[in-house]
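Reading the sequence shown from the start, the letters are residues 99 to 401 in the numbering used here. Glycine residues also receive a C-beta, built at the ideal position from the N, C-alpha and C atoms. These numbers were taken from a predicted model, which means no experiment stands behind them. Quick notes on the structure that follows.
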Amino acid sequence: MESVIFPRALKEGDKIAIISPASKIDPALVKGALPVLRMMGWEPYVAQSALGCTGSYSASRQARLDDLTEAVLNPEVRAILCSRGGYGAVHLLEDFPSREFLADPKWIIGFSDISALHALASNLGVASIHSSMCKNLAVNKGGDECALSLFNILRGGSVGYDVAPHPYNNIGNAEGTLVGGNMAVLGGLLGTRYDIFRVNDPIIFIEDIAEPIYKVERLLYQLRLSGTLDRAKGIIVGQFTEYCPDRNYSDMYEMIRDMISGLGIPVAFNFPIGHVDHNLPVIESAPCRLTVTDELVTFCQSR
């Protein structure tokens with residue numbers, strides 16, 4: 099497996115920057131997340147433009163980039179929590195302060211459109227956290243499994259989940275580098291220097307929301323024709339929500355099953371990752387182990 103840089107674990111008193119690198123967010127959700135993070139012993143702060151509104155975005159591209167850059171350059175900031183996804187993180191990739199980030203890596207936290215920032219971190223060889231964001235913290239007050247697992251990762255803990263089997267699963271064991279996230283976002287980065295699937299031994303996880311079945315199939319064909327699926331050591335199929343049946347497939351997961359059949363690698367369907375309340379955090383670009391049996395799916399990561 100390829101080496102990866104892990105940002106250092108958070109300790110009490112460390113700062114967490116809350117930024118909105120993409121779409122605008124309900125300020126109440128950000129404000130609701132603050133006491134949860136303080137309860138964990140950290141010092142969160144809200145970036146200057148995080149609660150703003152410019153069209154569908156939280157702010158102009160430059161203002162969003164300034165918030166991200168300030169968090170990267172501040173040595174007291176040990177984690178960057180994205181308030182939400184939506185669309186817009188891709189605007190920030192070209193001018194991201196990569197040299198400064200590599201000199202002092204911080205945890206980038208989020209999912210959905212934040213997959214673009216995970217792809218950037220992966221390109222730099224730095225681990226990041228695919229996880230729920232402010233809404234989950236505000237609504238569940240940090241007491242659910244997803245938040246507790248996130249806090250554990252930030253403190254330097256390992257990842258370990260047991261998930262129920264699914265009829266479409268493919269039995270087997272695999273070790274590799276975990277990469278993936280939102281298919282539409284990552285599909286737009288294929289063939290660029292931010293292509294997250296370029297690692298040698300990928301265990302791929304995928305999820306999406308409101309994408310037609312045929313569009314997800316097209317993205318899977320891109321992965322097949324590029325040779326990515328042939329290199330994959332395992333596949334984790336997360337949650338695909340708010341899609342509509344079409345004349346070819348009534349079920350998204352049937353299409354995915356057909357697209358990845360015959361690979362001869364372990365495949366786990368219905369994994370709790372995606373646009374759902376139960377969205378388990380995982381460490382992007384880090385080593386992982388996937389075990390799929392008839393009785394159980396086990397996923398683990400350690401440092």
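Rounded to a whole number of angstroms, what is the C-alpha to C-alpha distance between residue i and residue j?
i, j, result
"Met99", "Thr152", "Caution is warranted here: a pLDDT of 45 is assigned to Met99, below 50, making its placement in the model unreliable, and the coordinate value is therefore given only provisionally. Looking at the two C-alpha atoms, the distance is approximately 42 Å."
"Lys113", "Trp140", "6 Å"
"Phe194", "Arg162", "11 Å"
"His216", "Pro125", "24 Å"
"Leu287", "Ser229", "20 Å"
"Val177", "Asn346", "Reading the sequence as shown, one finds Ala at residue 177 and not Val. Roughly 44 Å between the two C-alpha positions."
"Asn250", "Gly240", "12 Å"
"Arg197", "Val297", "21 Å"
"Gly184", "Ala245", "21 Å"
"Tyr143", "Val170", "14 Å"
"Ile334", "Arg355", "11 Å"
"Ser83", "Asn271", "Given a span of 99 to 401 for the chain in the structure shown, any question on residue 83 remains unanswerable."
"Leu323", "Ile207", "31 Å"
"Leu327", "Gly150", "40 Å"
"Val175", "Pro343", "45 Å"
"Asn268", "Leu361", "9 Å"
"Glu393", "Pro173", "46 Å"
Following the continuous beta strand (DSSP E) through residue i, name the residue where it begins and the one where it ends.
i, result
"Asn271", "270-280"
"Gly325", "Segment: none, Gly325 is in no beta strand (DSSP E) and carries neither H nor E."
"Ala177", "175-180"
"Phe397", "395-399"
"Val380", "380-382"
Considering only the alpha carbon of each residue, which of the options lies closest to residue i?
i, options, result
"Arg387", "Ser121, Met350, Asn346, Ala330", "Ala330"
"Arg253", "Ala107, Val102, Ser400, Asp392", "Ala107"
"Ser359", "Leu215, Tyr266, Asn280", "Tyr266"
"Leu200", "Gly184, Met231, Thr167, Ala214", "Thr167"
"Ile301", "Leu394, Pro379, Ser210, Ser383", "Ser383"
"Val237", "Gly130, Asn271, Val314", "Gly130"
"Pro263", "Thr396, Asp349, Lys109", "Thr396"
"Met137", "Ser400, Met281, Lys109, Val102", "Lys109"
"Pro203", "Asp299, Gly289, Ile103, Ala214", "Ile103"
"Ala214", "Leu190, Leu235, Lys233, Met231", "Leu190"
"Pro133", "Glu340, Cys232, Val277", "Cys232"
Just verifying my parser: in three-state terms, what is the DSSP assignment at residue i?
i, result
"Phe209", "coil"
"Phe104", "coil"
"Met99", "No answer about Met99 holds up, because its pLDDT of 45 lies below 50 and its placement is not dependable."
"Gln160", "helix"
"Glu141", "strand"
"Ser247", "helix"
"Ile358", "helix"
"Ala308", "coil"
"Asp165", "helix"
"Tyr259", "strand"
"Leu215", "helix"
"Cys232", "helix"
"Leu388", "strand"
"Val297", "coil"
"Val314", "helix"
"Glu340", "coil"
"Gly150", "coil"
"Val128", "helix"
"Asp366", "The sequence as given places Ala at residue 366; Asp does not occur at that position. Strand."
"Val335", "strand"
Is residue j closer than 7 Å to residue i when the C-beta atoms are compared?
i, j, result
"Gly336", "Phe369", "yes"
"Val283", "Asp165", "no"
"Gly279", "Leu317", "no"
"Val154", "Ser147", "The sequence as given places Ser at residue 154; Val does not occur at that position. No. Outside cutoff."
"Leu248", "Pro379", "yes"
"Ser181", "Ile116", "yes"
"Met281", "Ile311", "no"
"Ser400", "Ser256", "yes"
"Gly332", "Ile363", "yes"
"Glu315", "Met350", "no"
Considering residue i, what are the terminal residues of the alpha helix (DSSP H) in which it resides?
i, result
"Ala115", "Looking at the DSSP string, Ala115 is not in any alpha helix (DSSP H); the run it does join, the beta strand (DSSP E), is 113-117."
"Phe199", "196-201"
Taking 6 Å as the line, does the beta carbon of residue i fall inside it for any heavy atom of the ligand GDP?
i, result
"Asn238", "Within the structure as shown, the ligand GDP is missing, as the structure has no ligands at all."
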